[in-house]
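Written out below as structure tokens is the structure these notes cover.
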Amino acid sequence: MTLWRPDPALIRRPAYLSLADQFARAIHDGRLANGARLPTHRHLADELKLSVQTVSRAYEE
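Heads up: the sequence shown begins at 841 in our numbering, then just goes up one per residue.
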């Protein structure tokens, strides 16, 4: 699993798009390797204080 984590301070509404954008930027900037394992939906949702559905939707994007 990767050590990179999204920044909760950068999450804006709609949260799933904001989160997906952080993933894309991290991949683009080389901070997150393409294909890297990410935390489970539930773990990341708990960590960011978001719903599991929001994280799932961001992962789908």
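Where is the CB? At the ideal position from N, CA and C, for every residue including glycine.
From the options, residue whose alpha carbon lies closest to that of residue i
i, options, result
"ALA898", "LEU843, LEU872, ALA855", "ALA855"
Endpoints, alpha helix (DSSP H) assigned at residue i
i, result
"ILE867", "855-868"
Where residue i falls: helix, strand or coil (DSSP)
i, result
"SER891", "coil"
"ASP847", "coil"
"ARG897", "helix"
"LEU884", "helix"
Residue i, buried or exposed, once every other Cβ within 10 Å from all chains shown has been counted against 16
i, result
"GLN862", "buried"
"THR894", "buried"
"PRO850", "Correcting the residue type first, residue 850 is Leu in the shown sequence and not Pro. LEU850 is exposed by the Cβ-count criterion."
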